[in-house]
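The next block holds one structure in the form of structure tokens; read it before the comments.
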């Protein structure tokens, strides 16, 4: 048992015990006072009835009638009535108790005799029906209260401390690298804040596990992408050494591979900066003109490949953004569409403006993407099987998504009817410069 269990257990037990004892003492005192008052009231009522009865018999029938009445009167648990004359003699010859009597009455009969009527309560009965029961010793209820509060406090403290221990073991396991640890199945169907904490832990562990897996996969992909051009460069160097007449050709090959490495490292640095949330300098940009310029540049590339590009967009859309990142995001998507669209087809770039955002839609007629990969294409180094022959590293769309997200934007992809892919980008319009921009 942990410290939390004992602290909770002792605090609950003391609180329950003191509360129950205090309430029990108050009830006992209140009940005892009321019972005494009730018994006194009943005794007075019965004594008055008995005295009234004997007095009536004496007034109407005299001592002789009272004598016969008292002799025939069976005991029914009520008080006995003594009739005492002025000389201290009782009518039936019964002894008169010397104690102070609470219920007495002085009367005068019709013949002028002065008599005292004394109501004597019946002796207390210790058994039988109607007998007043003797309360149990004080230690019996006190022991019962202590035992009941002890069990209840232990159960409640265990109920509170158990999930805390489960969470502690889960955190220890996660700290040791066991990110597949989950605590929700161990909560036992709880529906309280501790269960919510367990679900939050599971979600946190799942996210950490996914991020670490993504980092490992990214490291593997980066190593693979770097190894290929390096291997080709080493091969070119070896061939150049073996065949001096091919050195110019090999140098050109090495230059191309170096440029490829430079491009890869540049995209990796951009992706790393976006993943780290680094913020650059914001500028006041006109997005329609920016996207139109990118489309014009892509048009030359499309024509060289036997394809075409049509841009559609009017008006102005001024906003504050990081020029390099936004330019890279739109350029990656548009050039990606030009690269994958089929020969002889057209890429459509459409810009639509609204009061609070700008929407850019890029549609191509390429091989498309399977429905189960529409989200995966925005992950680093992911390349659909339909486009494995196209050159590239699989970083363009990943950079586009993170660049737009850094500006509060979104990007989605969907299959195009008739074949191809439609990429929709939405970017909010910022009328004021973000804090820190100049």
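In our numbering, the protein residues as written are 713 to 1150.
Heads up, the beta-carbon is just placed ideally off N, CA and C, and yes, glycines get one too.
Same chain, Cβ closer than 8 Å to residue i, neighbours up to 5 away in sequence not counted
i: residue 1008; result: 1023
i: residue 1040; result: 982, 1111, 1112, 1115
i: residue 808; result: 794, 796, 800, 802, 830
Three-way DSSP call (helix, strand, coil) for residue i in this model
i: residue 1137; result: strand
i: residue 1093; result: coil
i: residue 1150; result: Note that residue 1150 scores 45 on pLDDT, short of 50, meaning its location in the model is unreliable and no value can be drawn from it.
i: residue 1060; result: strand
i: residue 996; result: strand
i: residue 826; result: strand
i: residue 1114; result: helix
i: residue 792; result: strand
i: residue 967; result: helix
i: residue 817; result: strand
i: residue 954; result: helix
i: residue 854; result: helix
i: residue 843; result: Reliability fails at residue 843, whose pLDDT of 46 lies under 50, so the model's placement of it is uncertain and no value is given.
Any C-beta of chain C under 8 Å from that of residue i
i: residue 731; result: The displayed structure is made up of one protein chain only, and chain C is not part of it.
Separation of residue j from residue i, as counted between CA atoms
i: residue 1136; j: residue 899; result: 43 Å
i: residue 854; j: residue 860; result: 10 Å
i: residue 1011; j: residue 1075; result: 14 Å
i: residue 875; j: residue 884; result: 14 Å
i: residue 927; j: residue 920; result: 10 Å
i: residue 923; j: residue 887; result: 15 Å
i: residue 1088; j: residue 947; result: 34 Å
i: residue 1029; j: residue 872; result: 57 Å
i: residue 1175; j: residue 754; result: Residue 1175 is absent from the model: the chain starts at 713 and stops at 1150.
Anticipated Cβ contact below 8 Å, residue i with residue j, distance rounded
i: residue 997; j: residue 1035; result: 6 Å
i: residue 758; j: residue 791; result: 6 Å
i: residue 769; j: residue 762; result: The pair is not a contact, with the Cβ atoms about 11 Å apart (cut-off 8 Å).
i: residue 1071; j: residue 1138; result: 5 Å
i: residue 782; j: residue 752; result: Actually they do not touch by this definition, with Cβ atoms about 25 Å apart.
i: residue 1090; j: residue 1046; result: Not a contact, Cβ separation roughly 16 Å.
i: residue 1077; j: residue 1120; result: With 8 Å as the limit, residue 1077 and residue 1120 do not qualify as a contact, their Cβ atoms being about 31 Å apart.
i: residue 1061; j: residue 1003; result: 7 Å
i: residue 1118; j: residue 1037; result: 6 Å
Neighbourhood of residue i by C-beta, 6 Å cutoff - its chain only, sequence neighbours within 5 removed
i: residue 910; result: 895, 896, 899
i: residue 857; result: 732
i: residue 798; result: 826
Extent of the continuous alpha helix (DSSP H) run through residue i
i: residue 1002; result: 999–1016
i: residue 1035; result: 1035–1052
Span of the beta strand (DSSP E) around residue i
i: residue 1022; result: 1020–1024
i: residue 902; result: Run containing residue 902: none; DSSP gives neither H nor E here.
Residues near residue i by beta carbon distance below 7 Å, same chain, minus five either side
i: residue 878; result: 895, 898
i: residue 724; result: 865, 868, 869
i: residue 1054; result: 1077, 1078
i: residue 832; result: 791, 792, 794, 809
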